[in-house]
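The structure appears right after this line, and notes come after that.
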Amino acid sequence: MIYSIKQLSEISGINKITLRSWEDRYGFLVADRSDTNIRKYSTEQLLCAINTSALLNEGLKISVIAKKTSQQINSLIESKFQSTEECNEEIYIARIIASAVLHKRDVFDATIYKGFQQLGLVSFYSTVMFVSLQKLGLIWSVNSKVVDHERFVFGLLQEKINDITNEIITKKFSKDIWLLFVMAPYIFLDRDDGHFVSLNNTVGMVSEASVDHKTKWST
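When the letters of the sequence shown are read in order and numbered with my numbering, they come out as residues 475 to 693.
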């Protein structure tokens, strides 16, 4: 996919003036140009910008980050995530977005698992998953005909809800916790115009999970 500077700025959270200054001063995130001199960014550059934003929030300087390749910047994200110290929410967000765009199931699962442990269920959903899915929605809207990323994330979320349903039943967790998860698609999958991951299209998934939960809960 190709992103304009406006789209890259909106998704990454880095304003356009900053992106231009990085390009001019450090030769960092240098955009290709169209025939009419409009900046064009690749998916790799988008993920690099998201990673950079996360690392800036970790206290790294742009002068240091700008000297590194995209792969080295990604390695810094991985190092921060694997550290025993608590990392900021943007590290989780960067990993979730990368896992969706690059179809990396292991990255998604590891991020979800550690996020639940470190931040707690409610905080992880509100500060990480909500923001991640908002940003993914913006990515998908760039090319609405490409739905592979949506299918990937939707399938994983559906699988997680099913897993959590079984765990709640087995361990007799509070029904309040169940409601948090069963309502998650309504809260987070705010999609539009024909994208199957939408508020309307989550009804079947939630209804099916609810019926299954109620049946097992009553036995």
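Using N, Cα and C, we set each Cβ at its ideal position, and we do this for glycine too.
In its own chain, which residues sit with a C-beta less than 6 Å from the C-beta of residue i, not counting the 5 before and 5 after it?
{"i": "GLN416", "result": "Limits of the chain in this structure are 475 at one end and 693 at the other, which puts residue 416 out of reach."}
{"i": "ARG494", "result": "none"}
Whose C-beta lies closer than 8 Å to the C-beta of residue i among residues of the same chain, with five residues either side of it excluded?
{"i": "ARG513", "result": "SER478, ILE479, ALA505, ASP506 and ARG507"}
{"i": "LEU529", "result": "ILE539, ILE547, LEU550, ILE551 and LYS554"}
Could you name the residues that DSSP lists as bridge partners for residue i?
{"i": "LYS514", "result": "ASP506"}
{"i": "TYR477", "result": "TYR515"}
Tell me whether residue i is buried or exposed, calling it buried when 16 or more other Cβ atoms sit within 10 Å of its Cβ.
{"i": "THR526", "result": "buried"}
{"i": "THR558", "result": "exposed"}
{"i": "GLU560", "result": "exposed"}
{"i": "GLN501", "result": "It is Gly, not Gln, that sits at residue 501 in the sequence shown. With fewer than 16 Cβ atoms within 10 Å of its Cβ, GLY501 is classed as exposed."}
{"i": "SER597", "result": "exposed"}
{"i": "SER606", "result": "buried"}
{"i": "SER549", "result": "exposed"}
{"i": "LYS452", "result": "In the structure as shown, the chain begins at 475 and stops at 693. Residue 452 is therefore absent and cannot be evaluated."}
{"i": "THR510", "result": "exposed"}
{"i": "SER573", "result": "buried"}
{"i": "TYR515", "result": "buried"}
Got a sec? Which residues, its chain only, sit under 7 Å from residue i by beta carbon, not counting five neighbours each side?
{"i": "VAL616", "result": "MET475, TYR477 and GLN481"}
{"i": "ALA718", "result": "Any property of residue 718 remains undetermined from this structure, which presents the chain solely from 475 to 693."}
{"i": "SER544", "result": "GLU518 and CYS522"}
{"i": "TRP496", "result": "PHE502, LEU503, ILE536 and ALA540"}
{"i": "GLN592", "result": "GLU560"}
{"i": "VAL581", "result": "ARG569, ALA572 and SER573"}
{"i": "LEU534", "result": "none"}
Contact check, residue i vs residue j under 8 Å by CB: the rounded distance?
{"i": "LEU595", "j": "ILE571", "result": "That belief does not hold up - the Cβ atoms of LEU595 and ILE571 are roughly 20 Å apart, past 8 Å."}
{"i": "THR492", "j": "VAL575", "result": "Contact flag wrong, Cβ pair sits at about 22 Å."}
{"i": "ILE551", "j": "ILE539", "result": "Not confirmed; about 11 Å, so no contact."}
{"i": "LEU699", "j": "GLU484", "result": "The question about residue 699 has no answer, for the chain in this structure spans 475 to 693."}
Can at least three beta-carbon pairs, one atom from the stretch 562 to 572 and one from the stretch 592 to 605, be found at a separation below 8 Å? Touching, yes, given that three or more Cβ pairs across the two stretches are closer than 8 Å.
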